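Chains A and B supply the protein sequences, listed in that same order. Under my numbering, the first residue of the first sequence carries the number 1, and numbering increases by one thereafter. Under my numbering, the first residue of the second sequence carries the number 1001, and numbering increases by one thereafter. In what follows, a structure is listed as structure tokens, so that the remarks can point back to it.
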Amino acid sequence: MEDIMMKSFKNNSMKWRYFKQSLFFGTVRFSALIIVLALGGILFYIIVNGIGAISWDFITKPPTDSMTKGGIMPAILGTIYLTIGAIAIGLPLGIASAIYLTEYAKQGRVIRLIKVGINCLAGVPSVVFGLFGLGFFVIFLKFGSSILSGSLTLGFLILPTIIGAAEEALKAVPQTFREASLSLGVSKWQTTFRIVLPNALPGILTGSILGIGRAAGETAPIMFTAAAYFTTKLPGSIFDEVMALPYHIYVLATAGTNIEATRPIQFGTVLVLVAVVLSIDLIAIIIRSYMRKNKRW
Amino acid sequence: MDSNIIIKLNKVNFYYGQSRALTDITMNFRKNKVSALIGPSGCGKSTLLRLLNRMNDLIDGTRVEGEIIFEDKNIYAPHIDPVEIRRKIGMVFQKPNPFPKTIYNNIAYGPKLTSMNTDDLDALVEQSLKQAVLWDEVKDILNKSAMNLSGGQQQRLCIARALAMKPDILLMDEPTSALDPISTAKIEELIEELKKNYTIIIVTHNMQQAARISDETAFFYLGNLVEYNKTEKIFTNPDVKHTEDYITGRFG
Chain A
1 MEDIMMKSFK NNSMKWRYFK QSLFFGTVRF SALIIVLALG GILFYIIVNG IGAISWDFIT
61 KPPTDSMTKG GIMPAILGTI YLTIGAIAIG LPLGIASAIY LTEYAKQGRV IRLIKVGINC
121 LAGVPSVVFG LFGLGFFVIF LKFGSSILSG SLTLGFLILP TIIGAAEEAL KAVPQTFREA
181 SLSLGVSKWQ TTFRIVLPNA LPGILTGSIL GIGRAAGETA PIMFTAAAYF TTKLPGSIFD
241 EVMALPYHIY VLATAGTNIE ATRPIQFGTV LVLVAVVLSI DLIAIIIRSY MRKNKRW
Chain B
1001 MDSNIIIKLN KVNFYYGQSR ALTDITMNFR KNKVSALIGP SGCGKSTLLR LLNRMNDLID
1061 GTRVEGEIIF EDKNIYAPHI DPVEIRRKIG MVFQKPNPFP KTIYNNIAYG PKLTSMNTDD
1121 LDALVEQSLK QAVLWDEVKD ILNKSAMNLS GGQQQRLCIA RALAMKPDIL LMDEPTSALD
1181 PISTAKIEEL IEELKKNYTI IIVTHNMQQA ARISDETAFF YLGNLVEYNK TEKIFTNPDV
1241 KHTEDYITGR FG
């Protein structure tokens, strides 16, 4: 009799546990599903509305008829220039800062303060970076509204992301590699550049991809520092203004000559922007997988 | 200084922050001998080993008192470059730690970067691997990643890597504790062979190992050097009762 009672009690508790488990897994699955649906929904909406506007002329010709017709080629090129510029400035500076912070600086209160500062910088609204860029690069350093000013501003914008990613990647390189190298009588900076950095680069790139995407997509930092409202002229040097996709979208959607009529062009431009960001990410991912080939520990 | 003595410690104290890890260590290591450092965990033997090539410099907040004399100079004197010291005093670690590079580049890495005379890098690589009795196993796969080798092979590679710098002293920090008995035996044979040309100072937890391979043994306890004697003497008739208790397994 007691046996049977024990059994049914056990069965019940197993059922209850099983129920709790499915409830929990269900919640987690549902959350994941919502995210995928949201992302898929946005992409689907953009593609459906934007695909009609895409044509060879759209991506190779400049806008015409007060930007209500024609293509967006200057904006595509401008965004690519600005993104490459931002990477060229943000990546070396960010990696160098991270190397200093993790490999050289004596860990203590000052370094903790600097790290807090970097994290705060990551949370500063992008329009503040835009105003800083306007005040410092455009006006004070007299770079004007140009690719250079825009790249510098975007470079600083993505700096905290890159420093954070690089710090994590450098810390993930086993301490035993550093010890092995130093014990051979190899100097500290050689150890850093020959052993630590090569092994950290794939991780640095992973984190930097986020920053790159942000640099390509931001509007506020470039509207005062680099972006032209309209120009058919392609930039001849880094001191020229350029059109840029995010700013072009903003202009068409809020201040264009005919907002309703240009809806298809707006969606087309958004689609191109998404495609440009994804292609830049893809290039970074390919470089990373190439670098990872021989780096296993 | 007696020409048989290669490195000499004089009243060395070592601190991690406020806590003292080594107390008044005075001892001489003899040339072309194998000296074993034994003692329970936390007794300071690894700390002492890492003092000899200034690896403890890497840890923030450490402090050294006293002097360690190598080639008539105190290696902790202010003008001494630790990088120079480490070129002459190589080290093999507890866990095999090859670089994620090819076998060849693991060996060539140190000589290439330290502007050693590297006219014939290939010969140096071959010679080092032969000294570490690894050559026959890897001569056909020199361009494969060192990470694919077995643990024992990796450790011998690390020994070859240290030997390629042509050091005077080889420090070994429990080099076989992560290896199986067969690999351990190979490394012990290797140590026997190497002492003809090098001075070896080895930390070990394995007392049979100390008895098998070393000429001299130092027993440490709580940061103090309890006894330092010929290995034979330590293991048969130690001067200090404490040493005997440890060796016979009465504590530790």
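We put the CB at the ideal spot given by N, CA and C, even for glycine. Remember, predicted model here, so these are calculated numbers, not experimental data.
- Task: Kindly provide the ranges of any alpha helix (DSSP H) runs that are 4 or more residues long and lie completely inside the segment 138 to 224 of chain A, ordered along the chain.
- Result: Those alpha helix (DSSP H) runs which fall completely within the segment 138 to 224 of chain A and span 4+ residues are 147 to 172, 175 to 183, 188 to 191, 197 to 217 and 220 to 223.
- Assuming L170 (chain A) contacts A200 (chain A) (C-beta within less than 8 Å), just tell me the rounded distance between them. About 5 Å; that satisfies the 8 Å criterion.
- In chain order, what residues of the same chain lie with their CB nearer than 7 Å to the CB of E1137 (chain B), ignoring the 5 residues before and after it? Cβ neighbours of E1137 (chain B) beyond the five flanking positions: Q1153.
- Coarse secondary structure for G952 (chain B), derived from DSSP in three states: Only positions 1001 to 1252 of chain B appear in the structure, and residue 952 (chain B) is not among them; the question remains open.
- Query: Tell me the DSSP bridge mates of M1091 (chain B)?
  - Reply: As DSSP reads the structure, M1091 (chain B) sits in a beta bridge with B:L1171.
- Nearest to A1162 (chain B) (by Cα), restricted to the options A:I259, A:G185 and A:V138: Closest in alpha carbon position to A1162 (chain B), among A:I259, A:G185 and A:V138, is A:G185.
- Given that K963 (chain B) touches chain A, what residues does it touch there, using C-beta distances under 9 Å? Beyond the ends of chain B as shown, which are 1001 and 1252, falls residue 963 (chain B); an answer cannot be given.
- Query: What is the C-beta distance between F1029 (chain B) and T1199 (chain B), in whole angstroms, given that I count them as a contact (C-beta under 8 Å)?
  - Reply: Indeed they touch by this definition, with Cβ atoms about 7 Å apart.
- Whole-angstrom distance between S126 (chain A) and I62 (chain A), CA atom to CA atom: Per the sequence shown, the amino acid found at residue 62 (chain A) is Pro instead of Ile. Approximately 28 Å between the Cα atoms of the pair.
- Within the segment 1181 to 1249 of chain B, note down every full beta strand (DSSP E) run reaching 3 residues or more, in order along the chain. Within the segment 1181 to 1249 of chain B, the complete beta strand (DSSP E) runs of at least 3 residues fall at 1199 to 1203, 1216 to 1221 and 1224 to 1230.
- Collapsed DSSP secondary structure at L1058 (chain B) in the structure displayed: Here L1058 (chain B) sits in helix by DSSP.
- Item | Amino acids of chain B, ordered along the chain, whose beta-carbon sits closer than 7 Å to that of I195 (chain A) | Correct list: F1099.
- Just how far apart, CA to CA, sit V196 (chain A) and A166 (chain A)? Our two residues, V196 (chain A) and A166 (chain A), have alpha carbons roughly 11 Å apart in a direct line.
- Which whole-angstrom value describes the C-beta separation of L1049 (chain B) and L1037 (chain B), a residue pair presumed to lie in contact below a C-beta threshold of 8 Å? Indeed they touch by this definition, with Cβ atoms about 6 Å apart.
- Task: Answer with buried or exposed for L1078 (chain B), where buried requires no fewer than 16 other C-beta atoms within 10 angstroms of its C-beta.
- Result: For the sequence presented, residue 1078 (chain B) should be read as Pro rather than Leu. Per the 10 Å Cβ criterion, exposed.
- Item | L1009 (chain B), enclosing beta strand (DSSP E) - first and last residue | Its beta strand (DSSP E) spans residues I1005 to Y1016.
- Report the residues of the segment 161 to 188 of chain A with a CB closer than 9 Å to any CB of chain B, ordered along the chain. If the cut-off is 9 Å between Cβ atoms, the segment 161 to 188 of chain A has P174, Q175, T176, F177, R178, E179, A180, S181, L182, S183, L184, G185, V186, S187 and K188 near chain B.
- By Cβ distance below 7 Å, which residues in the same chain neighbour E1126 (chain B) in space, the five residues on each side in sequence not counted? Residues W1135 of the same chain have their beta carbon placed closer than 7 Å to that of E1126 (chain B), with the five preceding and five following residues left out of the count.
- Item | T219 (chain A) versus M243 (chain A) - alpha carbon distance | Computed Cα separation, rounded: 11 Å.
- Query: How close, in whole Å, do the beta carbons of M73 (chain A) and G130 (chain A) come, if the pair is a contact with beta carbons under 8 Å?
  - Reply: With a Cβ gap of about 25 Å, M73 (chain A) and G130 (chain A) do not count as contacting.
- The alpha helix (DSSP H) enclosing I249 (chain A), as first and last residue numbers: Looking at the DSSP string, the run of the alpha helix (DSSP H) that includes I249 (chain A) is L245 to T254.
- Query: Using a C-beta to C-beta distance shorter than 9 Å, which residues of chain A count as neighbours of E1084 (chain B)?
  - Reply: For a Cβ distance threshold of 9 Å, residue set G185 of chain A lies close to E1084 (chain B), ordered along the chain.
- Item | Residue-level contact to chain A via CB, C1043 (chain B), 9 Å cutoff | No - not a single Cβ of chain A is within 9 Å of the one on C1043 (chain B).
- Whole-Å CB distance - F30 (chain A) paired with G144 (chain A), under 8 Å assumed: Contact flag wrong, Cβ pair sits at about 52 Å.
- Query: Would you say N199 (chain A) faces chain B, with C-beta separation under 9 Å as the test?
  - Reply: Cβ-Cβ to chain B under 9 Å: yes for N199 (chain A).
- Query: Measuring from the CB of V173 (chain A), is there a heavy atom of the ligand COA at a distance below 8 Å?
  - Reply: Within the structure as shown, the ligand COA is missing, as the structure has no ligands at all.
- Message: Using a Cβ-Cβ distance cut-off of 9 Å, determine whether D1239 (chain B) contacts chain A.
- Response: For D1239 (chain B), no Cβ of chain A is located within less than 9 Å of the residue's own Cβ.
- Query: Checking contacts by CB at 9 Å: is W297 (chain A) closer than that to chain B?
  - Reply: Legend: pLDDT at W297 (chain A) = 49, less than 50; position of this residue unreliable, no value from coordinates given.
- Message: For F44 (chain A) and S149 (chain A), I'd like the C-alpha separation in whole angstroms.
- Response: Computed Cα separation, rounded: 35 Å.
- Query: Secondary structure at E1071 (chain B), three-state DSSP: helix, strand or coil?
  - Reply: Annotated three-state conformation of E1071 (chain B) is coil, per DSSP.
- Query: Quick one: Cα of W297 (chain A) to Cα of I54 (chain A), how far?
  - Reply: Residue placement at W297 (chain A) cannot be trusted, given a pLDDT of 49 that sits under 50; what the coordinates show is reported in the next sentence. W297 (chain A) and I54 (chain A): Cα-Cα distance of roughly 46 Å.
- Message: Please report the straight-line C-alpha distance between V1064 (chain B) and K1011 (chain B), rounded to a whole angstrom.
- Response: Straight-line Cα distance between these residues: approximately 10 Å.
- Can you find a C-beta in chain A that's less than 9 Å from the C-beta of Y1104 (chain B)? Not one beta carbon of chain A lies nearer than 9 Å to the beta carbon of Y1104 (chain B).
- Among A:A180, A:I118 and A:G155, which has the Cα closest to the Cα of L101 (chain A)? Nearest option by C-alpha distance: A:I118.
- Query: Mind pulling the chain A residues with CB within less than 9 Å of F1093 (chain B)?
  - Reply: Result: T176, E179, A180 and S183.
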